[in-house]
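See structure below.
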Amino acid sequence: MTSLACALILLSVTSAAQAEDMIAPDRIIDAAIGDWNKDGKPDLALLALAPPNDQADNTIGIYIYLLDKEHSLLKLAAAAPDKIWGSAEPGGIVGQEPSIAALPNGSIAVTSQNDAIGRDRWHQTLTLAFRNNAFVVAGYTYDYRDTLNPDGSFTCDYNVLTGKATKGGKELKIEARTIKIQDWNDDIGQKGCGVNQ
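All letters in the sequence shown, in the order written, are residues -19 to -1, 1 to 178 by mature numbering (1 follows the signal peptide of the UniProt record, and there is no 0).
So, in structure tokens, the structure goes:
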């Protein structure tokens, strides 16, 4: 809760943005503060719900801000609307809440999950890193468990930048890729982990 309060304070000092870039404060569902670009200044990452009339399957966006070098104001560095699946409305389903966190190495972890409904339970984490002045998906971790078939459960850890993946203890080799968060979709991670193949 403290990080969310700090995030809201940092967000309140941002420069004026165009109306279409504005995130209504009541749409912010989680926040993380860290030094994403390693300049020694605190930066901000948010998860925010899409407007109520949005018809996308994934209704939660990722918004990353960097503290400007010349002015002590946050500037939007990456916007990836409709990127994450989850339940974040008041009265929503427990076990489907997404989260965002700062990692000690300056990366960002974005987690989504279904630990509530149906036999297919999963946790998914995207690890975002600042590379060549862009935020890219550096890693994809997917844990799956079938509540009716425990033998069908697995864990996959996929380093997107190197193309190396491990699924259930087995090494997989996929093409190394550099994918901006704006261009990412979960099918890329699922394919890299050999899910549904």
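Yeah, the Cβ is synthetic: ideal placement off N, Cα and C, and Gly gets one too.
Under a three-way DSSP split, which group does glutamine 77 fall into? In the sequence shown, counting from the first residue as 1, residue 77 sits at position 96. Looking at glutamine 77 - three-state DSSP - the assignment turns out to be coil, as it is neither helix nor strand.
What is the DSSP secondary structure of isoleucine 162, counted as helix, strand or coil? Residue mapping note: residue 162 aligns to position 181 of the sequence shown, counting from 1. Note: isoleucine 162 maps to helix in three-state DSSP.
What does a CB cutoff of less than 7 Å around lysine 151 pick up in its chain, not counting 5 residues either side in sequence? Translated into the one-based positions of the sequence shown, residue 151 becomes position 170. Around lysine 151: no qualifying Cβ.
Starting from the C-beta of alanine 81, find all residues in its chain whose C-beta is less than 6 Å away, skip the five residues before and the five after it, and write them out in chain order. Your numbering for residue 81 matches position 100 in the sequence shown. It should be pointed out that residue 81 corresponds to isoleucine in this sequence rather than to alanine. Answer for isoleucine 81: Asp11, Ala13, Ala26, Leu28, Val91, listed in chain order.
In whole angstroms, what is the alpha-carbon distance linking alanine -15 and aspartate 101? As a position in the sequence shown, residue -15 is number 5, starting the count at 1. As a position in the sequence shown, residue 101 is number 120, starting the count at 1. Since pLDDT at alanine -15 reaches only 46, below the 50 mark, its modelled position is unreliable, and the value read off the structure follows with that caveat. In this structure, the straight-line span from the alpha carbon of alanine -15 to that of aspartate 101 is close to 34 Å.
Pick from Leu142, Phe111, Leu129, Gln163 that is closest to tyrosine 121, judged by C-alpha positions: Residue 121 sits at position 140 when you count from the first residue of the sequence shown. Considering only Leu142, Phe111, Leu129, Gln163, the residue with the shortest C-alpha distance to tyrosine 121 is Leu142.
Just how far apart, CA to CA, sit serine 134 and aspartate 124? By 1-based counting over the sequence shown, the position of residue 134 is 153. By 1-based counting over the sequence shown, the position of residue 124 is 143. Inter-residue distance for serine 134 and aspartate 124 is about 8 Å (C-alpha atoms, whole angstroms).
Taking Cβ to Cβ, would you say valine 44 is nearer than 8 Å to isoleucine 4? Mapped onto the sequence shown, residue 44 falls at position 63. Mapped onto the sequence shown, residue 4 falls at position 23. Valine is not the amino acid found at residue 44; the sequence shown has tyrosine there. Cβ distance < 8 Å, so tyrosine 44 and isoleucine 4 count as in contact.
Mind checking isoleucine 65: buried by the 16 CB within 10 Å criterion, or exposed? Sequence index remark: in the sequence shown, residue 65 carries index 84 (1-based). Buried is the call here.
Starting from aspartate 101, follow the beta strand (DSSP E) in both directions and report where the run begins and ends. By 1-based counting over the sequence shown, the position of residue 101 is 120. Boundaries of the beta strand (DSSP E) around aspartate 101: 101 to 112.
Distance between beta carbons of alanine 58 and phenylalanine 116, contact taken as under 8 Å: Taking the sequence shown and counting its residues from 1, one reaches residue 116 at position 135. Taking the sequence shown and counting its residues from 1, one reaches residue 58 at position 77. With 8 Å as the limit, phenylalanine 116 and alanine 58 qualify as a contact, their Cβ atoms being about 7 Å apart.
Cα-Cα, which of Leu30, Pro23, Gly15 is closest to proline 6? As a working note, residue 6 is residue 25 in the sequence shown. Checking every option, the nearest Cα to that of proline 6 belongs to Leu30.
Alanine 146 versus asparagine 34 - alpha carbon distance: Counting from one through the sequence shown, the residue named residue 146 turns up at place 165. Counting from one through the sequence shown, the residue named residue 34 turns up at place 53. Taking the straight line from one Cα to the other gives about 38 Å.
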